[in-house]
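K.L.:
One structure, as structure tokens, below. Some questions next.
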Amino acid sequence: MSALQVLHIGKYFPPYTGGMETYLRDAMTSLSRREIDSVALVHQSEIGFRSSNETYETGGQSLPVTRAAVWIRLLFTPISPTFPWLLNRLIKRHQPDILHIHMPNVSAFWALFLPSARRIPWVIQWQSDVLASEHSRGLRLFYTLYRPFERAMLKRAKAIITSSPPYLESSMPLRDFWGKCSVIPLGLDPSTLSDQPLPKASQPDSQESTTTLQVLAIGRLSYYKGFDYLIRAVAQLEGIQVHLIGKGDQETTLKALANDLCAGNKIIFHGQLPGNELALQFKRCDCVCLPSIERTEAFGLVLLEAMYFAKATLVSDVPGSGMGWVVDDGVTGLKIPPGNIAELTAALRFLRENRDKIAVFGRNGRDKFDQQFHIDQSTADIARLYSRVLDAT
Numbered sequence: 002m003s004a005l006q007v008l009h010i011g012k013y014f015p016p017y018t019g020g021m022e023t024y025l026r027d028a029m030t031s032l033s034r035r036e037i038d039s040v041a042l043v044h045q046s047e048i049g050f051r052s053s054n055e056t057y058e059t060g061g062q063s064l065p066v067t068r069a070a071v072w073i074r075l076l077f078t079p080i081s082p083t084f085p086w087l088l089n090r091l092i093k094r095h096q097p098d099i100l101h102i103h104m105p106n107v108s109a110f111w112a113l114f115l116p117s118a119r120r121i122p123w124v125i126q127w128q129s130d131v132l133a134s135e136h137s138r139g140l141r142l143f144y145t146l147y148r149p150f151e152r153a154m155l156k157r158a159k160a161i162i163t164s165s166p167p168y169l170e171s172s173m174p175l176r177d178f179w180g181k182c183s184v185i186p187l188g189l190d191p192s193t194l195s196d197q198p199l200p201k202a203s204q205p206d207s208q209e210s211t212t213t214l215q216v217l218a219i220g221r222l223s224y225y226k227g228f229d230y231l232i233r234a235v236a237q238l239e240g241i242q243v244h245l246i247g248k249g250d251q252e253t254t255l256k257a258l259a260n261d262l263c264a265g266n267k268i269i270f271h272g273q274l275p276g277n278e279l280a281l282q283f284k285r286c287d288c289v290c291l292p293s294i295e296r297t298e299a300f301g302l303v304l305l306e307a308m309y310f311a312k313a314t315l316v317s318d319v320p321g322s323g324m325g326w327v328v329d330d331g332v333t334g335l336k337i338p339p340g341n342i343a344e345l346t347a348a349l350r351f352l353r354e355n356r357d358k359i360a361v362f363g364r365n366g367r368d369k370f371d372q373q374f375h376i377d378q379s380t381a382d383i384a385r386l387y388s389r390v391l392d393a394t
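Counting in the numbering used here, the sequence shown runs from 2 upward without gaps.
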């Protein structure tokens with residue numbers, strides 16, 4: 002019996018950093034170990050006119066990855082005129098049994114118009130809703146154009162994967178398709194973190210760094226991440242230092258805010274870090290904070306990374322997001338209302354003054370990771386879903 006062939010349609014792929022990209026890589030690697038051959042079609046992370054084919058080596062597996070040229074970006078959306086041609090070519094070459102489509106992704110809509118794609122059963126990985134954000138008129142207009150195609154994709158899908166029960170229950174686009182939906186939590190391959198060679202300077206630099214609460218915050222520097230609230234909270238406290246990792250359109254604004262609040266020495270902007278230096282930041286920190294303010298933060302893969310490293314977590318309990326489902330309040334970390342500076346300040350003060358609690362939260366988090374969030378647990382459920390889809394076809 003030949004191996005199952007799956008073609009993944011994603012937005013980007015490592016070394017581009019992001020939760021969707023990390024999960025796609027780890028899932029393909031884990032599925033390959035289950036003798037499910039995985040191929041990916043994604044976008045180039047940089048603007049240009051050249052597509053590429055490569056073999057991405059990771060975890061002892063060789064993953065074929067095609068990156069479509071991106072001619073322009075509109076509202077963070079890659080526009081790739083060559084995408085449908087590449088998709089049709091990959092279908093003919095690999096003859097996949099299943100199209101696994103990771104959404105949101107405008108380029109995935111091309112599958113609606115390609116006969117070769119329509120003949121294959123689709124599994125949609127619903128990473129997050131596209132929110133008509135009150136913070137952006139452009140996004141609201143974009144969603145009115147996006148929504149009919151999104152709905153057409155969901156109608157055609159044989160199965161839909163969501164990452165947590167709260168997200169499924171609160172998702173308006175999925176409301177008419179609950180019968181197709183399965184909750185499969187995201188997972189993480191810890192070998193991609195723990196096997197990183199660490200820089201030589203792996204010890205704290207001073208006595209101050211051992212007494213100051215070291216808070217790690219990771220993510221694209223965008224409005225919905227809520228990093229401005231974190232900066233405002235830390236500005237009111239002593240004995241706390243934040244290590245902010247990531248780049249994005251809000252970088253200049255956030256740096257200016259830290260300076261205006263005289264908190265420049267408390268907020269260290271690291272930019273984007275390679276894997277080994279990121280692993281070092283996890284090992285050095287006391288806790289990880291994810292202060293996102295919208296359901297655009299559907300799950301928070303960084304929380305799984307924190308749990309693997311046995312670090313306490315501090316998250317915004319956004320209604321309908323998976324963040325509050327991943328973190329157990331008072332067990333693996335603390336949950337606060339989104340966008341509430343007073344509550345965030347109080348939580349940080351509590352962690353600073355209760356180091357014993359931090360250690361307990363971290364141990365409990367690692368236990369929960371081992372029980373629920375290893376990538377092999379996620380892909381075991383996906384493999385079973387593939388079988389059900391093919392049996393019903």
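We treat Cβ as the ideally placed atom computed from N, Cα and C, and that holds for glycine.
Given the structure is predicted, the values throughout are model-derived calculations rather than measurements.
Give me the residue from Arg-68, Arg-119, Arg-90, Leu-91 with the minimum Cα distance to Ile-80.
P.N.:
By 1-based counting over the sequence shown, the position of residue 80 is 79. Here the closest residue by C-alpha is Arg-68.
K.L.:
Do you know offhand how far Tyr-144's Cα is from Leu-132's?
P.N.:
For this step, residue 144 is matched to residue 143 along the sequence shown. For this step, residue 132 is matched to residue 131 along the sequence shown. Between Tyr-144 and Leu-132, the C-alpha separation is close to 7 Å.
K.L.:
Flag this pair as yes or no: are the beta carbons of Pro-191 and Tyr-309 separated by less than 8 Å?
P.N.:
Within the sequence shown, residue 191 is the residue found at index 190, counting from 1. Within the sequence shown, residue 309 is the residue found at index 308, counting from 1. In this structure, Tyr-309 lies closer than 8 Å to Pro-191 by Cβ.
K.L.:
Taking the alpha-carbon positions, what's the Gly-240 to Ile-185 distance?
P.N.:
Numbered from 1 along the sequence shown, position 239 holds the residue referred to as residue 240. Numbered from 1 along the sequence shown, position 184 holds the residue referred to as residue 185. Answer to the nearest angstrom: the Cα atoms are 39 Å apart.
K.L.:
Considering just the uninterrupted stretch of the beta strand (DSSP E) at Gln-215, what are its terminal residues?
P.N.:
Here the question's residue 215 lines up with position 214 in the sequence shown. Residues 214-219.
K.L.:
In whole angstroms, give me the CA-to-CA distance for Ala-4 and Trp-179.
P.N.:
Here residue 4 refers to the residue found at position 3 when the sequence shown is read from its first residue. Here residue 179 refers to the residue found at position 178 when the sequence shown is read from its first residue. Spanning the two alpha carbons is a distance of roughly 30 Å.
K.L.:
I'd like to check one pair, Ile-359 with Ala-313: are the Cβ atoms closer than 8 Å?
P.N.:
Mapped onto the sequence shown, residue 313 falls at position 312. Mapped onto the sequence shown, residue 359 falls at position 358. Going by C-beta atoms, Ala-313 is nearer than 8 Å to Ile-359.
K.L.:
Does the contact criterion of 3 or more C-beta pairs under 8 Å hold for the segment 312-329 versus the segment 250-258?
P.N.:
As far as the Cβ criterion goes, the segment 312-329 does not touch the segment 250-258, which means the pair count is below three.
K.L.:
Starting from Glu-354, trace the alpha helix (DSSP H) both ways and give me its first and last residue.
P.N.:
Mapped onto the sequence shown, residue 354 falls at position 353. Boundaries of the alpha helix (DSSP H) harbouring Glu-354: 342-354, taken from the DSSP string.
K.L.:
Which complete beta strand (DSSP E) runs does the segment 35-60 hold, if anything under 3 residues is left out?
P.N.:
37-48, 53-59
K.L.:
Over what stretch of residues does the alpha helix (DSSP H) that includes Ala-393 continue unbroken?
P.N.:
Numbered from its first residue, the sequence shown carries residue 393 at position 392. Unbroken alpha helix (DSSP H) run through Ala-393: 376-393.
K.L.:
Whose C-alpha, out of Glu-344, Glu-252, Pro-174, is nearest the C-alpha of Pro-182?
P.N.:
Here the question's residue 182 lines up with position 181 in the sequence shown. This sequence places Cys at residue 182; Pro is not what is there. When each option's Cα is compared against that of Cys-182, the closest is Pro-174.
K.L.:
Mind listing, in chain order, the continuous alpha helix (DSSP H) runs of no fewer than 4 residues lying wholly within the segment 80-140?
P.N.:
84-95, 116-119
K.L.:
Do Pro-122 and Ile-99 have their C-beta atoms within less than 8 Å of each other?
P.N.:
On the sequence shown, position 121 is the one that residue 122 refers to. On the sequence shown, position 98 is the one that residue 99 refers to. Going by C-beta atoms, Pro-122 is nearer than 8 Å to Ile-99.
K.L.:
Would you call Phe-355 buried or exposed, if buried means 16 or more other Cβ atoms sit within 10 Å of its Cβ?
P.N.:
Start at 1 with the first residue of the sequence shown, and residue 355 comes out as number 354. Here residue 355 turns out to be Asn, not Phe, going by the sequence shown. Exposed, because fewer than 16 other Cβ atoms sit within 10 Å of the Cβ of Asn-355.
K.L.:
Please state whether DSSP places Ala-4 in a helix, a strand or coil.
P.N.:
Numbered from 1 along the sequence shown, position 3 holds the residue referred to as residue 4. Ala-4: coil per DSSP, three-state reduction.
K.L.:
Can you pull the DSSP bridge partners for Ser-63?
P.N.:
Within the sequence shown, residue 63 is the residue found at index 62, counting from 1. Bridge partners of Ser-63: Glu-58.
K.L.:
Just mark Ile-219 as buried or exposed, buried being the case when its beta carbon has 16 or more other beta carbons within 10 Å.
P.N.:
Numbered from 1 along the sequence shown, position 218 holds the residue referred to as residue 219. So Ile-219 counts as buried.
K.L.:
May I have the straight-line CA-CA distance separating Lys-336 from Val-303, to the nearest angstrom?
P.N.:
Counting from 1 along the sequence shown, the entry for residue 336 is found at position 335. Counting from 1 along the sequence shown, the entry for residue 303 is found at position 302. Cα-Cα distance, rounded: 15 Å.
K.L.:
Beta-carbon within less than 8 Å of Ala-311's beta-carbon, same chain only, minus the 5 sequence neighbours each way: which residues are those?
P.N.:
The sequence position of residue 311 within the sequence shown is 310, counting from 1. Result list for Ala-311: Gly-363, Arg-364, Gly-366, Arg-367, in chain order.
K.L.:
Which runs of the alpha helix (DSSP H) spanning at least 4 residues fall entirely within the segment 246-330, listed in chain order?
P.N.:
252-261, 276-285, 302-309, 324-327
K.L.:
I'd like the list of long-range same chain contacts for Ala-160, defined as Cβ closer than 6 Å, with 5 residues on each side in sequence excluded.
P.N.:
To locate residue 160, count along the sequence shown from 1; it is residue 159. The residues are Val-124, Lys-181, Leu-386, Val-390.
K.L.:
Which same chain residues, not among the five before or five after Leu-274, have their C-beta less than 6 Å away from its C-beta?
P.N.:
Sequence index remark: in the sequence shown, residue 274 carries index 273 (1-based). Result list for Leu-274: Ile-246, in chain order.
K.L.:
Classify Gln-242 as helix, strand or coil using the three-state DSSP reduction.
P.N.:
Indexing the sequence shown from 1 puts residue 242 at position 241. Note: Gln-242 maps to strand in three-state DSSP.
K.L.:
Is the segment 109-123 touching the segment 16-33 in the sense that three or more CB pairs, one from each, lie closer than 8 Å?
P.N.:
no
K.L.:
Nearest to Val-327 by CA position, among Gln-372, Val-361, Lys-284, Ile-92, is which residue?
P.N.:
In the sequence shown, residue 327 corresponds to position 326, counting from 1. Of the listed residues, the one whose Cα sits closest to Val-327 is Gln-372.
K.L.:
Measuring only the C-alpha atoms, how far is Thr-212 from Ala-28?
P.N.:
As a first step, residue 212 is located in the sequence shown; it is residue number 211 there, counting from the start. As a first step, residue 28 is located in the sequence shown; it is residue number 27 there, counting from the start. Going by the C-alpha atoms only, they are around 39 Å apart.
K.L.:
Taking the alpha helix (DSSP H) that Arg-233 falls in, what are its first and last residues?
P.N.:
Sequence index remark: in the sequence shown, residue 233 carries index 232 (1-based). From DSSP, the alpha helix (DSSP H) with Arg-233 extends over 228-235.
K.L.:
Does the Cβ of Phe-228 have 16 or more other Cβ atoms within 10 Å, making it buried, or fewer, making it exposed?
P.N.:
Residue numbering aside, residue 228 sits at position 227 when the sequence shown is read from its first letter. Phe-228 should be labelled buried.
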